[in-house]
Structure formats: structure tokens, C-alpha cells
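Working notes, structure below.
Residue numbers (full-length UniProt numbering): 1 to 134.
Next up, the structure:
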């Protein structure tokens with residue numbers, strides 16, 4: 001079964017949000033940092049293109065720029081945030097890695113994410129996909 005065929009608990013949105021991923025290791029100054037774009041994202045995780053290879057099981061600190069994310073937040077953030085400064089931050093674990101031309105496509109499962117941020121992301125994904133069907 002390919003990664004595209006696997007059954008997912010969360011729907012994924014094919015969207016090229018900018019992402020910063022760094023492997024969690026000590027000392028923090030030695031963390032390898034990659035800046036790229038998402039291939040897709042959903043409430044359970046994200047995949048992205050990378051020139052560097054991460055290994056399955058690696059723990060990553062993730063920061064994804066998602067304009068309008070807080071509009072879907074169940075909390076008060078939707079009133080006080082500015083679209084340009086909205087980021088999803090999470091800790092993830094590399095689930096799979098595929099060779100892709102000169103680089104790699106990396107699939108990451110969220111293992112620590114704020115529940116309100118996860119709800120906001122799921123709301124954004126559902127609304128965007130619903131709007132695309134119209």
C-alpha cells in the first residue's frame with residue numbers, strides 16, 4: 001500500500017503552506033532546520049518536500065504558516081490575531097520518507113499539538129474542501 005492509498009483518520013488538504021521543520025536534538029544549537037512547503041496537511045499530520053532526509057521515528061519541531069487559521073479556532077484567538085502572523089506549531093514524528101527526485105517527501109504524524117489548534121486546522125481543511133466542491 002502506498003502512502004497515498006493508506007487510510008487516514010483525518011482528511012488532508014493539498015496546500016503549499018510554508019513549513020519550518022527542525023529535528024529535536026540536544027544541544028538545540030545543533031538542530032538541523034529545513035524550510036520548505038507542505039505537500040498536504042490535516043489534523044493528524046503533514047507531508048512536505050525536503051532536500052534533507054529525515055529518518056522514520058525522528059521527532060521534529062514544526063512551524064507551519066497558515067493565514068486565517070485562527071478564524072476557525074474555538075477560542076478567543078480569532079479576534080486578536082493578525083492573518084500574517086498565524087502559525088501552527090506542533091511536535092511530530094516522521095512516519096515515512098520517500099525519495100523524490102533530488103530530495104525527499106516526508107510524512108509526519110502530529111504527536112503533540114494544542115487541541116484548539118487541531119480543531120481550527122480541521123475546520124479550515126473541511127471548509128476549504130467543501131468550497132472546492134462547489
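Glycine included, each C-beta is placed from N, C-alpha and C at the ideal position. If you're wondering where the values come from, they're calculated on a predicted model, not measured in any experiment.
- Under the three-state reduction of DSSP output, residue 119 falls in the helix class.
- Within 10 angstroms of the beta-carbon of residue 45 lie 16 or more other beta-carbons, which makes it buried.
- Setting aside the 5 residues that flank it on each side, residue 17 is surrounded in the same chain by 37, 38, 41, 64, 65, 66, each with a C-beta closer than 8 Å to its C-beta; the list follows chain order.
- Apart from sequence neighbours up to five positions away, the residues of its chain that approach residue 119 with a beta-carbon distance below 6 Å are 74, ordered along the chain.
- Three or more Cβ pairs drawn from the region 44-58 and the region 19-29 lie within less than 8 Å of each other, which places the two stretches in contact.
- Assigned with DSSP and collapsed to three states, residue 128 falls in helix.
- Straight-line spacing of the CA atoms in residue 91 and residue 113 works out to 7 Å.
- CA-to-CA, the gap between residue 127 and residue 87 works out to about 18 Å.
- No residue range can be given for residue 69, since it is assigned to no beta strand (DSSP E) and is classified by DSSP as neither H nor E.
- In this structure, the CA atom of residue 95 is about 5 Å from the CA atom of residue 108.
- Per DSSP, the unbroken beta strand (DSSP E) holding residue 99 starts and ends at 87-100.
- The DSSP-derived three-state label of residue 133 is helix.
- Taking a 10 Å sphere around the C-beta of residue 43, we find 16 or more other C-beta atoms and assign the residue as buried.
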